[in-house]
Amino acid sequence: MTTDLDSRGVSIERQTAGRVVLSFDDNRHLFELCGEHDRHLALIEDRLGLQATPHGNHIVLTGAQEGIEHAVRVLTGLYRRIADGQPIGVSEVDGALRLADAAPHIVAGEAESGEVVRTRRRIITPRSPRQAGYLRALADVPLVFGVGPAGTGKTYLAVAVASSWLERGLVDRIVLSRPAVEAGERLGFLPGDMREKVDPYLRPLYDALYDCLPAQAVTRGLETGQIEIAPLAFMRGRTLANAFVILDEAQNCTEMQMKMFLTRLGENSRMAITGDPSQVDLPHGAPSGLRQALRLLDGIEGVSAVHFKSEDVVRHPLVARIVEAYDGEDRRKNGDG
Numbered sequence: 000m001t002t003d004l005d006s007r008g009v010s011i012e013r014q015t016a017g018r019v020v021l022s023f024d025d026n027r028h029l030f031e032l033c034g035e036h037d038r039h040l041a042l043i044e045d046r047l048g049l050q051a052t053p054h055g056n057h058i059v060l061t062g063a064q065e066g067i068e069h070a071v072r073v074l075t076g077l078y079r080r081i082a083d084g085q086p087i088g089v090s091e092v093d094g095a096l097r098l099a100d101a102a103p104h105i106v107a108g109e110a111e112s113g114e115v116v117r118t119r120r121r122i123i124t125p126r127s128p129r130q131a132g133y134l135r136a137l138a139d140v141p142l143v144f145g146v147g148p149a150g151t152g153k154t155y156l157a158v159a160v161a162s163s164w165l166e167r168g169l170v171d172r173i174v175l176s177r178p179a180v181e182a183g184e185r186l187g188f189l190p191g192d193m194r195e196k197v198d199p200y201l202r203p204l205y206d207a208l209y210d211c212l213p214a215q216a217v218t219r220g221l222e223t224g225q226i227e228i229a230p231l232a233f234m235r236g237r238t239l240a241n242a243f244v245i246l247d248e249a250q251n252c253t254e255m256q257m258k259m260f261l262t263r264l265g266e267n268s269r270m271a272i273t274g275d276p277s278q279v280d281l282p283h284g285a286p287s288g289l290r291q292a293l294r295l296l297d298g299i300e301g302v303s304a305v306h307f308k309s310e311d312v313v314r315h316p317l318v319a320r321i322v323e324a325y326d327g328e329d330r331r332k333n334g335d336g
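According to numbering that gives the first Met the number 0, the sequence shown is numbered sequentially starting from 0.
As structure tokens, then:
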């Protein structure tokens, strides 16, 4: 029998190879860790094939050694998040389980600085190894492409990093842009001024901003120009210096638009370009500027491309299965499988 003491309020008693007892010093944090009706523990049991039984201020883990070691990393890492004032839910438990084997240092709360994003409203940690690589690239590389299916966090994480950089004074403003292309529908004339016309296309970016920054800060930023909505069609001729620039839904840029946008990058700026090459809504036959840019800029210094896959989807688990089904159909049509 051995006992490991954890400086963050957890002790780990290894009774046998197949039984470990975790003891926690704060029952309120432990209640949140287990989840309502122990649903977080149920998810861990299901994914790791073990038993996790709460008893007083303890959780008893029984099962195969490998599963127990993963569960220890997951539970201690999540407990540290709670102790730091970060709420957790099923999505955070799911993310910790994804990282337990591939990147245990992140689960245990020992991530590198580029793998954790701190904003005034929350602390964002990656939920898959590719998300961790994406966050490192956004911190280290001037131009980053985040490409892949819906639900992989590519847009949300870019906005989170931009919000953090703005709050820390690393950039003077955030510039958000997106091509005004409808997804298979024609919405017709939209009333209002320019911002009101483009707002419907930028809603995912707004949602991420309000999740990372207080509502007053977003409103004030939009009023003062610290947060700028820049329609893609009006970007020509500009130089975007001291800014964190995000182009969302980039698969709907034409080749000329993409070249024009990429050459807006100015001094002390970062640019994140996100999109899903499998969901192009351009008129039939028009080539996507995102696909061309990924091909032409591959291997160029200062450019990084992170390609997300269906296993990186962090929405409802059904979304990953939907993505897999459509990817399989595309492969069959292209003769790849």
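The C-beta atom is built at its ideal place from N, Cα and C for all residues, glycine as well.
DSSP puts residue 270 in a beta bridge; with which residues? 142, 244
Of all the alpha helix (DSSP H) runs that stay within the bounds of the stretch 201–261, which reach a length of 4 or more residues? 202–211, 214–223, 254–261
If contact is defined by three or more beta carbon pairs under 8 Å, each pair taking one atom from either stretch, is the stretch 288–306 in contact with the stretch 145–159? yes
Out of 93, 254, 74, 122, which has the shortest C-alpha to C-alpha gap to residue 83? 122
Can you check which of these residues, 34, 37, 55, 41, is closest to residue 24 by C-alpha distance? 55
Is it the case that the Cβ atoms of residue 175 and residue 227 are separated by a distance below 8 Å? yes
Inspect the CB distances between the stretch 59–76 and the stretch 9–29 and report whether three or more fall short of 8 Å. yes
Assuming residue 204 and residue 247 are in contact, meaning their beta carbons sit under 8 Å apart, how far apart are those beta carbons, in whole angstroms? Sure, about 6 Å apart at Cβ, within 8 Å.
Does the distance from the CB of residue 178 to the CB of residue 267 come in under 8 Å? no
Give the straight-line distance between the Cα atoms of residue 173 and residue 238, rounded to the nearest whole angstrom. In a straight line, the C-alpha of residue 173 is about 14 Å away from that of residue 238.
Alpha carbon of residue 243 to alpha carbon of residue 156, nearest angstrom: 13 Å
Could you compute how far the alpha carbon of residue 297 sits from the alpha carbon of residue 64? 42 Å
Contact set for residue 346: own chain, Cβ-Cβ below 7 Å, skip 5 residues either direction: One cannot answer for residue 346 here, as it falls past the ends of the chain, which runs 0 to 336.
Assuming residue 159 contacts residue 211 under a Cβ cut-off of 8 Å, what Cβ separation, rounded to an integer in Å, is found between them? 5 Å
Assign residue 307 to one of three DSSP states: helix, strand, or coil. coil
Near residue 285, which residues of its chain fall below 7 Å by C-beta distance, leaving aside the five closest residues on each side in sequence? 253
Excluding the 5 residues flanking residue 325 on each side, which residues of the same chain have their C-beta closer than 8 Å to its C-beta? 277
Roughly how far, in whole angstroms, is the beta-carbon of residue 77 from the beta-carbon of residue 67, given that I think they are within contact range, below 8 Å? Under the criterion of beta carbons closer than 8 Å, residue 77 and residue 67 do not qualify as touching, at roughly 16 Å.
For residue 40, which residues in the same chain have their Cβ closer than 6 Å to its Cβ, ignoring the five residues on either side in sequence? 33, 51
Run the CB neighbour count on residue 332, radius 10 Å, all protein chains shown included, and call it buried at 16 or more, exposed below. exposed
Three-state secondary structure assigned by DSSP to residue 52: strand
Among 12, 14, 73, 53, which one has its Cα closest to the Cα of residue 26? 53
Does the beta-carbon distance from residue 249 to residue 289 come in below 8 Å? yes
Exposed or buried, what is residue 255 when buried is set at 16 or more other beta-carbons lying within 10 Å of its beta-carbon? exposed
One question on the structure: do residue 234 and residue 259 come within less than 8 Å of each other, judged by their Cβ atoms? yes
Indicate the three-state DSSP secondary structure (helix, strand or coil) for residue 312 in the structure shown. coil
DSSP three-state assignment for residue 169, whether helix, strand or coil: For residue 169, the three-state secondary structure derived from DSSP is coil.
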